[in-house]
Amino acid sequence: MTVLTLRALEKHYGSIKAVDHVDLQLESGEFMAILGPSGSGKSTLMRMVAGLESPTAGDILVDGQSVVNVPPQHRNVAMVFQSFALYPHMTVRDNILFPLVSRKVPKHEHEARLNKATSMLGVEDLLDRRPNRLSGGQQQRVALARALVRDPDLFVFDEPLSALDAQIRSRARAELRELHDQTRITTLYVTHDQVEAMGLADRVAVINEGRLHQVGTPQELYNDPADLFVAGFIGNPPMNLIPINETTVAGIRPEDMLVDPEGDVSNVFIDLAVTIEHIEYLGSEWLAHGQAQSDADTHGQELHVIARLPASSHPDFVSGQKCRMVGQRKDVCLFDRASGKRQARAEVPA
Amino acid sequence: MLRKIGFYCGIGFLTLFSIVPLLWALVTVFKRDSDMYSVGTVPFFYNEPPTLDHLIFLFTESNFGLFVQNSAIVGIFVVLITMVLSIPAAFSLARLTGSWGERSGMAIFLVYLIPPSLLFIPMYQIVVWLGVANTIWSLVIVLPTITVPFCTWLLLGFFRSVPRSLDEAAMLDGCGQFTTFYRVLLPQVWPGIGACAVFAFSLSLGNYIYAATFITRSAARTISAGVPTELIRGDVFFWPELMAATLVVAIPLAVVYGLFFNYLVGGFRNAT
Amino acid sequence: MSTQQHSGVPQPRGRMGRLSAWLDQPKVLAWLMLGPAVLYVIAFVGFPFLLAIALSMSDATIGDPSLDKFVGLANFSAVMQTDAFQLALRNSLIVTAGTLALVLVLATLASELLVHSFRGKRLFQMIFILPWALPVSLTAIVWMWFLDSTFSPVDWVLVQLNLLGPGSVWGPFNHLYFLGREWLGLASVIVTDTWRMLPLATIIVLAGRMSIPEERFEQARIDGAGVFRILFRITLPALKPMLIVAILFTGLLVIGEMSLVQLLTRGGPGHSTQVLPYWAYLKGIQGGSLAQGAAITLFLFPFLLVASVLALRAAYRSQEA
Numbered sequence: 001m002t003v004l005t006l007r008a009l010e011k012h013y014g015s016i017k018a019v020d021h022v023d024l025q026l027e028s029g030e031f032m033a034i035l036g037p038s039g040s041g042k043s044t045l046m047r048m049v050a051g052l053e054s055p056t057a058g059d060i061l062v063d064g065q066s067v068v069n070v071p072p073q074h075r076n077v078a079m080v081f082q083s084f085a086l087y088p089h090m091t092v093r094d095n096i097l098f099p100l101v102s103r104k105v106p107k108h109e110h111e112a113r114l115n116k117a118t119s120m121l122g123v124e125d126l127l128d129r130r131p132n133r134l135s136g137g138q139q140q141r142v143a144l145a146r147a148l149v150r151d152p153d154l155f156v157f158d159e160p161l162s163a164l165d166a167q168i169r170s171r172a173r174a175e176l177r178e179l180h181d182q183t184r185i186t187t188l189y190v191t192h193d194q195v196e197a198m199g200l201a202d203r204v205a206v207i208n209e210g211r212l213h214q215v216g217t218p219q220e221l222y223n224d225p226a227d228l229f230v231a232g233f234i235g236n237p238p239m240n241l242i243p244i245n246e247t248t249v250a251g252i253r254p255e256d257m258l259v260d261p262e263g264d265v266s267n268v269f270i271d272l273a274v275t276i277e278h279i280e281y282l283g284s285e286w287l288a289h290g291q292a293q294s295d296a297d298t299h300g301q302e303l304h305v306i307a308r309l310p311a312s313s314h315p316d317f318v319s320g321q322k323c324r325m326v327g328q329r330k331d332v333c334l335f336d337r338a339s340g341k342r343q344a345r346a347e348v349p350a
Numbered sequence: 001m002l003r004k005i006g007f008y009c010g011i012g013f014l015t016l017f018s019i020v021p022l023l024w025a026l027v028t029v030f031k032r033d034s035d036m037y038s039v040g041t042v043p044f045f046y047n048e049p050p051t052l053d054h055l056i057f058l059f060t061e062s063n064f065g066l067f068v069q070n071s072a073i074v075g076i077f078v079v080l081i082t083m084v085l086s087i088p089a090a091f092s093l094a095r096l097t098g099s100w101g102e103r104s105g106m107a108i109f110l111v112y113l114i115p116p117s118l119l120f121i122p123m124y125q126i127v128v129w130l131g132v133a134n135t136i137w138s139l140v141i142v143l144p145t146i147t148v149p150f151c152t153w154l155l156l157g158f159f160r161s162v163p164r165s166l167d168e169a170a171m172l173d174g175c176g177q178f179t180t181f182y183r184v185l186l187p188q189v190w191p192g193i194g195a196c197a198v199f200a201f202s203l204s205l206g207n208y209i210y211a212a213t214f215i216t217r218s219a220a221r222t223i224s225a226g227v228p229t230e231l232i233r234g235d236v237f238f239w240p241e242l243m244a245a246t247l248v249v250a251i252p253l254a255v256v257y258g259l260f261f262n263y264l265v266g267g268f269r270n271a272t
Numbered sequence: 001m002s003t004q005q006h007s008g009v010p011q012p013r014g015r016m017g018r019l020s021a022w023l024d025q026p027k028v029l030a031w032l033m034l035g036p037a038v039l040y041v042i043a044f045v046g047f048p049f050l051l052a053i054a055l056s057m058s059d060a061t062i063g064d065p066s067l068d069k070f071v072g073l074a075n076f077s078a079v080m081q082t083d084a085f086q087l088a089l090r091n092s093l094i095v096t097a098g099t100l101a102l103v104l105v106l107a108t109l110a111s112e113l114l115v116h117s118f119r120g121k122r123l124f125q126m127i128f129i130l131p132w133a134l135p136v137s138l139t140a141i142v143w144m145w146f147l148d149s150t151f152s153p154v155d156w157v158l159v160q161l162n163l164l165g166p167g168s169v170w171g172p173f174n175h176l177y178f179l180g181r182e183w184l185g186l187a188s189v190i191v192t193d194t195w196r197m198l199p200l201a202t203i204i205v206l207a208g209r210m211s212i213p214e215e216r217f218e219q220a221r222i223d224g225a226g227v228f229r230i231l232f233r234i235t236l237p238a239l240k241p242m243l244i245v246a247i248l249f250t251g252l253l254v255i256g257e258m259s260l261v262q263l264l265t266r267g268g269p270g271h272s273t274q275v276l277p278y279w280a281y282l283k284g285i286q287g288g289s290l291a292q293g294a295a296i297t298l299f300l301f302p303f304l305l306v307a308s309v310l311a312l313r314a315a316y317r318s319q320e321a
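Structure (structure tokens):
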């Protein structure tokens, strides 16, 4: 069981700060996802943990001991690569045993460890095949078995599901989580896919342009985004961000937008006159895309808003139709326009 | 349809261009002298029964057997020296030396720019100083100057084509830099090494300028310098023997090179 | 689940362990692995190169190879004033340029064919690569016999076609004497050089051709481009870097080769088909004037250097673009 601590970690490439002053702590047995768009620095962060890159500044601690100067072969970090990086010239058996052979683990332990890892992942029947004869899903399991066989202190995943076909991805996701629940190895999981991050992780760290924006449980990220970036990144579609005055932007989830509400609505905070652009049917729900009319509400800017409606509502909008979209005070998050930071509720102007 | 005709016309033309002079050579090998030197007969046919005399002469009465042996020894040593020097160098440039190693392709090319025709005169002096003039060892020492830069450059491409995630996986699995090299990277580039060995062998075999300059003793000559000097005596050309010597060398090598054709293409594809 | 504390590889212990750990550092290992090749190249390319420069400015001969007398550029000016040198320089440039032109056209054609798969491709590859399997001197001998003054089958075929012989276009003799005449001799050298360089050049160009994505050609065909438009607007621009590499390889191998001329024409008649490397060999080794031979070989180097650097930069630039 391992605690991983990153302290003021920085990585610069010339004048570019790929990772900019990151502080992060993974508790023992925790599954933490690092979520960010491509180029956000999430891979660099992960590679520093694995020892493949050395930090420009800051410290990486495993159970309180700095590992910054320890080369990767002496860190007990197991990594699953996006491409799986199986050794093409070795059989599956030799691939899985390779970490034991390289680390000079006594030979008599090999068989038992191999059996344990392969049975956990169900790859016992593939042992004599070469990696190029395996499907994507099988390659992924072999890569996991190779990572698991040596009881690593830390698991590091680099988008391990992105090379898989869409059909098997959700099953692989469930299996990954089950595997973690069985082994309870502290895990750092890097992805740009918020469905993976939110669905798998105990906590998610959102990173952009090298900076951590928020660390929290999936619920916290969704309900209480810490700043405009997280608000605009989490959720599909993400929050509607509506400027309400010179200093403040209001964020509201599409499902909280009320379209042409009947009767009185209490605590109305946002009230927009919207021209419907088009309606998207997604099976379980409808998405109504609209253009808020340029008036005082939007400060002369065009504003795209989305409302999510339940499938049962059978909306009968047509393009160009006018309607009213309303947000209640309790559903709104307010952000400071200049800094992007969340404003405390108390500061809300009436 | 037109495309297809054009395609096979192209194939046909290139085949003929490559093979006609050698077919002519092949016909000559088995011709009797009187048939070969007769005017007015169709030169492509055997107007008198074919003979093996010239082949027999080549292997029994001339030093050709020795030349083949010398060329083979030189070739094997040159390939070995080349591999020992250029495989580690290429790995080092591909993986260890960082950004300037990535740009080293051009610098290697500049070494290649100093061709034998520029160096053979001072090289002759060095060979004399080293006391290996007139022996095949002079070639073993000097010919890697041609093959080492070239093979390093080609191998650099092969090493670069191996995904870096493979090295990284190996390091995380507990390998050091050197173990990563020989346990994981080297097995990926075996075909490339094969292609380079073939290339180095052919460059070593084909070199004439050093072979002709350093070695004047017939028994120490290699094929490239020995055949012309041994089988051309002043104005007397032993044509069928010369043609036989050519084909005996060319055909087996062409088969080997043909098998490595795609790897050679792959080598250049990666190298640039 | 792990009961071990940090089961990573134990840190190296003992003197040997520490030594091998020190050697395994990327920076140390880089030089350890690169060093032998670099030292070899310095000793056997760099040193002789400097020696060539020193020789070219001395009065060294085979009989007296010491570098005791510095004569400056006297050897260069002495050599440059001879007719033989000027002819050799001219011919070296003509042969190289002619060979490059032929080789590039044929290699582009061959790569266009070889990029497709067809029945018997393996056999075709073996036949196609045959010329390259020959040592140059043997290539020269094959072509000498093929173009023989009396028994050349080419002459015979031309006579049968009534293109040669008394009363025909190229008459009145029954033979063209390919290797005995100035321009036919040079043309023969060019064709022979093309024959031996084509396989290598094709391999290089084909490497570039295979890197062009097939979609680009399909898109061009959909856009209505014909064969020639595709060749000039799509294929050749994409091949440019590899064509430059092919030019460099072919050009350097052709301009530095002496055995073709030595065997085919012996530089004659007179010096009319002389080339620089053979002239240097005649002067420096056979004639014994090491100094003048070195001056002849060095003459082209600055030009080759500038041309190659420019070409390589162009290749890299067009590749990055």
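Chains as they are written, first to last, in full-length UniProt numbering: chain H, 1 to 350; chain R, 1 to 272; chain A, 1 to 321. Even glycine gets a Cβ: it sits at the ideal position worked out from N, Cα and C.
If I measure Cβ to Cβ from residue i and keep anything under 6 angstroms in the same chain, skipping five residues before and after, which residues do I get?
i       : result
G208(A) : L239 and M242
L102(A) : T194
W143(A) : T192
A88(A)  : Q274, V275, L276 and W279
D297(H) : Bear in mind that a pLDDT of 49 at D297(H), under 50, signals an unreliable position, so the model cannot answer this.
Please list, in chain order, all residues of the same chain as residue i whose beta carbon is under 7 angstroms from its beta carbon, the five residues on each side excluded.
i              : result
A295(A)        : S56, N75, F76 and V79
residue 283(R) : Only positions 1 to 272 of chain R appear in the structure, and residue 283(R) is not among them; the question remains open.
L263(A)        : S137, A140, I141 and M144
Taking residue i and residue j to be in contact with their CB atoms under 8 angstroms, please state how far apart those CB atoms are, rounded to whole angstroms.
i       : j       : result
I60(H)  : L100(H) : Not confirmed; about 25 angstroms, so no contact.
F260(R) : V198(R) : 5 angstroms
A145(H) : L121(H) : 5 angstroms
L148(H) : A117(H) : 5 angstroms
Hey, residue i and residue j: beta-carbon distance below 7 angstroms or not?
i       : j       : result
V249(H) : R337(H) : yes
V74(R)  : T222(R) : yes
A200(R) : V79(R)  : yes
V169(A) : L161(A) : no
F178(A) : L134(A) : no
F67(R)  : T213(R) : no
L14(R)  : A110(A) : yes
N270(R) : S138(R) : no
T145(R) : V38(A)  : no
L264(R) : A170(R) : no
If we count the other Cβ atoms within 10 Å of its Cβ and call it buried at 16 or more, is residue i buried or exposed?
i              : result
E168(R)        : buried
Q37(H)         : For the record, residue 37(H) in the displayed sequence is Pro; it is not Gln. Exposed: under 16 other Cβ atoms inside 10 Å.
V189(A)        : buried
residue 322(A) : Residue numbering for chain A in the displayed model covers 1 to 321; residue 322(A) lies beyond these limits and cannot be assessed.
K69(A)         : exposed
Y182(R)        : exposed
residue 322(A) : In the structure as shown, chain A begins at 1 and stops at 321. Residue 322(A) is therefore absent and cannot be evaluated.
L16(R)         : exposed
G327(H)        : buried
Q16(A)         : First, the amino acid is wrong: residue 16(A) is Met here, not Gln. Label assigned to M16(A): exposed.
Identify, in the order they occur along the chain, each residue of the same chain with its Cβ nearer than 8 angstroms to the Cβ of residue i, setting aside the five sequence neighbours on each side.
i       : result
W286(H) : I279, E280, R308, L309, P310, A311, S313 and P315
L164(H) : G136, G137, Q140 and A172
Does residue i have its Cβ less than 7 angstroms from a Cβ in chain D?
i       : result
P240(R) : Among the protein chains in the structure shown, which are H, R and A, there is no chain D.
Check your understanding: In the segment 196-227 of chain H, which residue ranges form an unbroken beta strand (DSSP E) of at least 3 residues, counting only runs that do not cross its ends?
Key -> Qualifying beta strand (DSSP E) stretches, in chain order: 203-208 and 211-216.
Practice item. Ignoring anything shorter than 4 residues or poking outside the segment 54-117 of chain H, list the alpha helix (DSSP H) runs there in chain order. Key: If we require 4 residues or more, the alpha helix (DSSP H) runs fully inside the segment 54-117 of chain H come out as 92-102.
Point to revise | alpha helix (DSSP H) runs wholly inside the segment 277-304 of chain A, at least 4 long, in chain order | key: Complete alpha helix (DSSP H) runs here, min 4: 290-299.
Check your understanding: Taking only runs of the alpha helix (DSSP H) that begin and end inside the segment 42-98 of chain A, which ones reach a length of at least 4 residues, in chain order?
Key -> If we require 4 residues or more, the alpha helix (DSSP H) runs fully inside the segment 42-98 of chain A come out as 47-56 and 74-80.
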